[in-house]
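Single-structure report; data block below.
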Ligand code: NAD
Ligand code: DAU
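In the numbering used here, the protein residues as written are 26 to 381.
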């Protein structure tokens, strides 16, 4: 990290980004980190109260789809590296509004690449080290059958508007590396879980619904398989890749931890029954099978051996332990959950920063 002075992390008010910027701000006190985030429904500065007053942290409210604003910010702050997480991230929303995903995930990424290129090719910067790290998803590879795993050489085959937009952004990042010799790095990660996860996604939605005795919606037969990784292990992987990868490299990140949705929800119900002092089996009665997601990918599984062998990263937590920790966090942070489910967090923080 000693090579970079001004690192911008986009989307750091969101779920994964907040964990990444917390790790970096605490671990690298001599580097200044800028959280560039639009604060959409998914961005919440309450995720970052523990670092908001650190001297090496600055929040910038900005929209990556606004090329003029992004260009001006690169010139003003002279960012020398980018860790790009800002995105529309929810598959179901991409099915109802694909264009929003093209705008943020594709155009927004290209705007960042253009601004980085313009600054880093300028006379003042051209001999200094720079890095553009693009955080992507395993969904770009499409779906697996009963066997096999995604590797870094698996062909792209996205099925949802979300994964198509992320695949497109990956292609642009590689194109800027190949065409303009920019130092670009990409990682493709499996499903994350943990604290500060927005309760529209399967695990936090189900925790919230079980807590409030509401139905747990399971799409289709619940047989789809996801590979779950604790979000802090993803943040650690981003750290080792950002600091250790060769220019142009791609790494897959995953937990070697496959669960069908229905088995995962049964485990979650068991943990919640114990934590809430409910009779065994009572939360599972909330399971409700609903219409399947359109284009629902059957199975994701990540082979992360390249990352493990080359950079020495591996997941730190067993899923049962991580899930129990996650449930504890949601039960102990009722205010956070209530603020998010009521939408109150947006009013408070959006107003505060609109006046700056
Ligand atoms: P999230 O939806 O929780 O957070 C996204 C953040 O981006 C929010 O803070 C939001 O305000 C910000 N943002 C959205 N549009 C913006 C814009 N136009 N300008 C500036 N900021 C904007 O997402 P997440 O789950 O934390 O995912 C972060 C990244 O990691 C995404 O790129 C996603 O594709 C990728 N990813 C996520 C997972 C996962 O399991 N959640 C797994 C692999 C990869
Ligand atoms: O694989 C990485 C991806 O994981 C990330 O790129 C995405 O940003 C992230 O949202 C996540 O995508 P998924 O679609 O896999 O996550 P989600 O939590 O929405 O759904 C997980 C599985 O649970 C999926 O098979 C759909 C199913 N599901 C989801 C919801 C919200 C349900 O059965 N019921 C639900 O209510």
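Idealized CB from N, CA, C, for every residue including glycine.
Identity of the residues DSSP links to residue i by a beta bridge
i	result
residue 175	327
residue 162	214
residue 106	32, 156
residue 57	31
residue 86	62
residue 313	242
Beta-carbon contacts of residue i that lie in its chain and below 8 angstroms, excluding the five residues immediately before and after
i	result
residue 110	34, 35, 36, 37, 39, 41, 42, 45, 160
residue 381	Note on residue 381: pLDDT 35, under 50, position unreliable in the model; the coordinate value appears next. Cβ neighbours of residue 381 beyond the five flanking positions: 86.
residue 321	244, 245, 249
residue 76	46, 47, 50, 51, 82
residue 297	232, 235, 236, 303, 308, 352
residue 366	224, 233
Contact test: residue i Cβ vs the ligand NAD heavy atom, cutoff 7 angstroms
i	result
residue 185	no
residue 162	yes
residue 40	yes
residue 191	yes
residue 195	no
residue 279	no
residue 342	no
residue 88	yes
residue 62	yes
residue 167	no
residue 214	yes
residue 35	yes
residue 262	no
residue 67	yes
residue 28	no
residue 217	yes
residue 129	yes
Residue i CB to nearest heavy atom of the ligand DAU below 7 angstroms
i	result
residue 242	yes
residue 225	yes
residue 114	yes
residue 293	no
residue 329	no
residue 202	no
residue 325	yes
residue 348	no
residue 334	no
residue 233	no
residue 321	yes
residue 251	yes
residue 110	no
residue 286	yes
residue 239	no
residue 230	yes
residue 318	yes
Residues near residue i by beta carbon distance below 7 angstroms, same chain, minus five either side
i	result
residue 205	142
residue 153	105
residue 58	32, 34, 46, 49, 50, 81, 82
residue 128	90
residue 230	224
residue 291	309
residue 294	235, 308, 309
residue 26	53, 56, 268
residue 370	69, 71, 364
residue 274	210
Residue i beta carbon near the ligand HEM (any heavy atom closer than 7 angstroms)
i	result
residue 118	Because the ligand HEM does not appear in the structure shown, any question about it cannot be addressed here, the ligands present being the ligand NAD and the ligand DAU.
Spatial neighbours of residue i in its chain, beta-carbon cut-off 6 angstroms, leaving aside the 5 residues before and after
i	result
residue 228	218
residue 265	336, 338
residue 317	244, 245
residue 187	116, 119, 126
residue 145	155
residue 158	108, 210, 267
residue 258	340, 341
residue 347	255
residue 386	Not covered by the structure: residue 386. The range shown for the chain is 26 to 381.
residue 270	210
residue 164	188
residue 176	328
Closer than 8 angstroms to chain C by CB, residue i
i	result
residue 47	Among the chains in the structure shown there is no chain C, since it carries only a single protein chain.
Within the segment 204-284, ranges of the beta strand (DSSP E) (whole runs, at least 3 residues):
209-214, 216-218, 241-244, 250-255, 275-278
Starting from the N-terminal side, write out each stretch of the alpha helix (DSSP H) that is 4 residues or longer and does not extend beyond the segment 341-368.
344-357, 359-367
Give the list of continuous alpha helix (DSSP H) stretches no shorter than 4 residues that lie fully inside the segment 122-153.
123-126, 133-145
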